[in-house]
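Working notes, beginning with the structure itself.
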Amino acid sequence: MVRSLVANRRQFGQLAAGLAAALAGSGAAFAQGAQPFRLGALNSITGAGGAYGPGMLEAIKIAMTQVNDAGGAAGRKFELFAEDDQTKPDAAVLAVKKLVEINRVEAVVGIWPSSVQLATLPITNAAGITSFNTCGAPEIEMVDKEDLVWQFYASNKMIGRVFAEVAKARGFKNPAVLAYNNSTMVAQAEYFRKTWEEGGGKVGEFIVYEPNQTSYRTELDRALATKPDIVVLSSYTPDVTILLKEWYQSGAENKFITPGWAVTQKVADILGPEISSQITTISNVPASNNDAYAKFVDAFKKVTGTEPEMFAACAYDMVIVLALAIELAGPTATPKEIASKIRSVTNAPGTKVSTFIEGRDLLKKGEEIDYEGASSSLEFGEFGNTTPAFGVYGFDDNKLALKEVMTLPS
Amino acid sequence: MDWVTIVNAVINGAVVGLLLALPALAVTLVFGIARFPNAATGDYMTFGAYAAVMTQMFVSTSLVVTALLASLATGLLALFFYGWVFRSLANRSPVASLIASIGIAFVVRSSITFFAGQSPYNIQAPLVRAWNFSGIRVLPTDLYIAATAAVALAAVFGLLHFTSLGRRMRAVADNPELASASGISIRRVMLTLWSIVGLFSGLGGVLLGIKAVVMPELGWELLLTIFASVILGGLGSPIGAVCGMLLFGISQEVASLYVGTAYKIVLAFFVILCVLLVRPQGMFGKIIAVR
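Top to bottom, those sequences are chains A and B.
No gaps in the numbering here: position 256 of the first sequence is 256 in the working numbering, and each next residue is one more.
No gaps in the numbering here: position 164 of the second sequence is 1164 in the working numbering, and each next residue is one more.
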């Protein structure tokens, strides 16, 4: 009895030693080539963001291929794990848990709506990984205590302010507000009201409406009750299309200001020139005179055959910025160390670069770089937010046309 | 609140109510005759709306042709799923059919998104300014929509109450075994039922698409409202479904004048609750003894 136990113990010892040796061997094998970087893409493929998510995922893949073809970031090639958040926070939480816990991703890119970023932020921050979004809800800046969240689109704090500045500059006196009931849109409308009232003006009706309805006539009637000369529509494409149809039919005569993502060229095609000529839209100006943007548009058209949306350019920049930060942080850096390098590769000073390869080569020489992205020049502030230039657009003969470019004093 | 605003809200609620009465009637008929709540109704509507978009792209931009073809296509779709799925589940518990209908809803919606994508589409209809009767505004488009819905509803009531086919349908609804024993062909009744369901859901989808925009979630989002109004009117009662939907539509629009518009649906459900507290069987429902 005792003998066999000893024998077993000896066998166990041999086994353990063998196992340890095998593990050490495999460890040595791993160290020879840099580990791939596990990249999570969380996109709104379906739901309200479904108009943008697929293009963003495509842009992520384009950027990823460019980095991988160049030999990877700090030698680490990207490996993609993509999930659909359905533009819903509950689905997004499940998806991000899968990305973090099962796929063990080291960064999440491509988040479109604020509701998704706010719901997934506690999970990614707890796991110590970075997340990149195009969100606009101002509270994201406050919730992110770890400096791991990066906004590639203007905060609604700023968009709301620009709405007020534009309305004032154009001589409007009596605005009303219609806002989609979510944190992003209500914040945008609130910041419009705040800026407008600080300038001594008054806002007539301030209506927050529930989405997914057949008709918004009663909401519209309430907004129009104070006979506004301009209505701020903080909303998304489907609702705005219905609202504008009903507005035209109601016979009211006022102008509109909307965010650029709500009234696109496609919406104007549906509604016709009589309606579209009343609308001013405001969005981030893509850095259209920038090399990165031109190259991105070419690559995007080659793959999809269509022009990229604004958010696709943001998604492309997310991956390139991440790759440059990995390059600077080195192959063994943790996600937190990588995040700490993001401002170093995007903000001035440094030599301006527009591709991953340019940036990587300069970083290798030990030089400072300033990535000028396809979506904007990307200068990240204290809270990981960008302050882009804004394009004020109108519709000439039903065609979207840039009227002026505005920058906000920060 | 001045009365002109209230009248406008009532008109708006009535139009929405009449429009959604079409799918509500489809739900209540299925419940009355095939005895399960058909969760695919919303997505049949979506299918109808997309069929209308397709018709305008490839066949004709005439709204009458569009509405006819789209309703017919949805009718065929409903018959197809009846023959393929619901017929085989007829002798199983209603829960099996309910779950199957949820599955069909997903299949229809996902197939639509697969081919058409997530971007919204539009059914081309002329935009005309409203008629203004000293503040009371009537949108011509709304008037056509309401009239079309009203005619369709009248047609189905005519069918149910003045034809022998309608009598047979009502007999099956009352007692399928007895109806079958007295020589009524259940198969024919079912085929008629599912044709009506498809035609009505499809037409509802087209009208909704004209008023709003065509998206994959178009009908699914409205399912809760439709079910609620069917319960409000009394499950299985066609007249109840229509009245329930009208009451629901009007109460939510009028309610939104008094509370934040974000709460108007809550208010509408509150009205339902009040009615059901007084009449638990719904406005036109019958109390059925359970043996």
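Built from N, CA and C at the ideal position, the CB exists for glycine as well.
Since the model is a prediction, treat every value here as computed from it, not as a measurement.
A:P122 classed as buried or exposed, judged by whether at least 16 other C-beta atoms fall within 10 angstroms: Per the 10 Å Cβ criterion, exposed.
Partner residues on chain B for A:V208, Cβ-Cβ distance less than 8 Å: The answer, in chain order, is G1260, T1261, A1262.
Proximity test, Cβ basis, 8 Å: A:Y248 and chain B: The beta-carbon of A:Y248 is placed less than 8 Å from the nearest beta-carbon of chain B.
Near-chain B residues of the region 250 to 266 of chain A - C-beta to any C-beta below 8 Å: For chain B, the residues of the region 250 to 266 of chain A that bring a beta carbon within less than 8 Å of one of its beta carbons are S250, G251, K266, in chain order.
Candidates B:N1012, B:R1109, B:P1120: closest to A:K266 by CA position: Of the residues B:N1012, B:R1109, B:P1120, the one whose Cα lies closest to the Cα of A:K266 is B:P1120.
Short CB-CB distance (under 8 Å) between B:I1033 and chain A: B:I1033 does not count as touching chain A.
Partners in chain A for B:V1128, counting only beta-carbon separations shorter than 8 Å: Within chain A, the C-beta atoms nearer than 8 Å to that of B:V1128 come from Q249, in chain order.
Inter-residue spacing [alpha-carbon to alpha-carbon] between B:R1092 and B:F1106: Distance between the alpha carbons of B:R1092 and B:F1106 is about 21 Å.
Boundaries (first-last residue) of the alpha helix (DSSP H) holding B:M1045: Its alpha helix (DSSP H) spans residues 1041 to 1058.
is_contact[B:M1057, chain A] using C-beta, thresh 8 Å: No, because no Cβ of chain A sits closer than 8 Å to the Cβ of B:M1057.
B:G962: first and last residue of the uninterrupted alpha helix (DSSP H) it sits in: With chain B represented from 1001 up to 1291, any question about residue 962 of chain B goes unanswered, as that position is not in the structure.
Inter-stretch contact (C-beta, 8 Å, three-pair minimum) for the region 160 to 167 of chain A and the region 205 to 214 of chain A: Segments in contact, no.
A:S215 versus B:A1173, B:A1021, B:D1002, B:G1013, residue with shortest Cα-Cα distance: Residue B:G1013 is the option with its Cα nearest to A:S215.
Three-pair Cβ contact test at 8 Å for the region 1022 to 1042 of chain B versus the region 1241 to 1248 of chain B: Proximity of the region 1022 to 1042 of chain B to the region 1241 to 1248 of chain B meets the contact definition, three or more beta-carbon pairs being nearer than 8 Å.
CB contact below 8 Å: B:E1253 versus chain A: At least one C-beta of chain A is nearer than 8 Å to the C-beta of B:E1253.
Interface residues of the region 290 to 308 of chain A facing chain B [CB-CB below 7 Å]: Of all residues in the region 290 to 308 of chain A, none has a Cβ within less than 7 Å of some Cβ in chain B.
Contacting residues, own chain, Cβ-Cβ under 8 Å from A:G50 (five flanking each side not counted): Take A:G50, set aside five residues on each side of it, and the residues of its chain with a beta-carbon closer than 8 Å to its own are S44, T87, in chain order.
Helix, strand or coil at B:L1139 [DSSP, three-state]: B:L1139 carries a coil assignment under DSSP once its states are collapsed to helix, strand and coil.
Short CB-CB distance (under 8 Å) between A:R222 and chain B: By this cut-off, A:R222 is an interface position.
A:P259 - DSSP class collapsed to helix/strand/coil: Correct three-state label for A:P259: strand.
Residues that B:I1265 contacts on chain A, provided the C-beta gap is smaller than 7 Å: Near B:I1265 (Cβ distances below 7 Å), the residues of chain A are E210.
DSSP three-state assignment for B:N1132, whether helix, strand or coil: The answer is strand: DSSP assigns B:N1132 an E or B state.
Check whether A:G391 and A:V405 have beta carbons under 8 Å apart: Yes; because the gap between Cβ atoms is below 8 Å, this pair is in contact.
Alpha-carbon to alpha-carbon, A:V105 and A:L358: In the sequence under discussion, the amino acid at residue 358 of chain A is Glu, which differs from the Leu named in the question. Straight-line Cα distance between these residues: approximately 26 Å.
Per-residue DSSP class, three states only, for A:G27: At A:G27, the pLDDT of 44 sits below 50, so the modelled position is not reliable and the matter cannot be decided from this model.
Listed by chain order, chain A residues near B:T1141 by CB distance under 8 Å: Those within 8 Å of B:T1141 in chain A are Q249.
Buried versus exposed call for B:R1129 [16 or more other C-beta atoms within 10 Å across all chains shown]: The residue is exposed, with fewer than 16 neighbouring Cβ atoms inside 10 Å.
Bridge partner(s) assigned by DSSP for A:Q151: In the DSSP output, where bridge partners are listed per residue, A:Q151 has A:N133.
Same chain only: Cβ atoms within 6 Å of A:T130, ignoring 5 sequence neighbours per side: Closer than 6 Å at the Cβ level, and outside the excluded window around A:T130, lie A107, L148, P335, A339.
is_contact[A:V100, chain B] using C-beta, thresh 8 Å: No, its Cβ sits nowhere closer than 8 Å to a Cβ of chain B.
Interface residues of the region 1153 to 1182 of chain B facing chain A [CB-CB below 9 Å]: Within the region 1153 to 1182 of chain B, no residue qualifies.
Distance between B:G1205 and A:G394 (C-alpha atoms, nearest Å): Distance between the alpha carbons of A:G394 and B:G1205 is about 33 Å.
Residues near A:V240 in its chain [Cβ-Cβ closer than 8 Å; skip 5 each side]: For A:V240, where only same-chain residues beyond five positions count, the Cβ hits under 8 Å are L233, T258, A262, V263, V267.
Three-way DSSP call (helix, strand, coil) for B:R1325 in this model: Any answer about residue 1325 of chain B is impossible in this case: the structure gives chain B only from 1001 up to 1291.
Within-8 Å CB hit, A:E219 to chain B: With 8 Å as the cut-off, A:E219 counts as an interface residue toward chain B.
Closest residue to A:I242 among B:V1266, B:L1208, B:G1219, B:I1272 (Cα-Cα distance): Distances from the CA of A:I242 to each of B:V1266, B:L1208, B:G1219, B:I1272 were compared; the closest alpha carbon is that of B:L1208.
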